[in-house]
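Read the structure below first, then the notes.
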Amino acid sequence: MAMAATVSAVDLKCTSCGLALSARGATHFQCPDCGEATLGRCPRCRDQSVTFRCPNCGFEGP
Ligand SMILES: [Zn+2]
Ligand SMILES: [Zn+2]
65 MAMAATVSAV DLKCTSCGLA LSARGATHFQ CPDCGEATLG RCPRCRDQSV TFRCPNCGFE
125 GP
């Protein structure tokens, strides 16, 4: 059990800055374009309307 080699699919990080989404106010959602990738936003990037980019399809948006 200690040898978890694969990271869970729900290992969420901010798509823009890479911050782990454990902070309060962080949010995540499915990509509005491909609907497959989960995009994350930390409170700071959300507050500053930082652009995110889908790693799956390359969709960019606020
Ligand atoms: Zn961020
Ligand atoms: Zn996408």
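The sequence shown begins at 65 in my numbering and counts up one residue at a time.
All C-beta atoms, glycine included, are put in the ideal place defined by N, C-alpha and C.
Note that the coordinates shown come from a computational prediction; the quantities given were computed from them, not determined experimentally.
{"Check": "Residues passing the C-beta test against ligand 2 heavy atoms, cut-off 5 Å", "Outcome": "C95, D97, C98, A101, C118, N120, C121 and F123"}
{"Check": "Euclidean distance between Cα positions of A84 and C109", "Outcome": "12 Å"}
{"Check": "Local conformation of R88 per DSSP, three classes", "Outcome": "coil"}
{"Check": "Alpha-carbon spacing of A101 relative to Q112, whole angstroms", "Outcome": "22 Å"}
{"Check": "C-beta contact flag for P107 and F116 at 9 Å", "Outcome": "no"}
{"Check": "Spatial neighbours of G104 in its chain, beta-carbon cut-off 6 Å, leaving aside the 5 residues before and after", "Outcome": "L76, K77, C78, T79, L85 and H92"}
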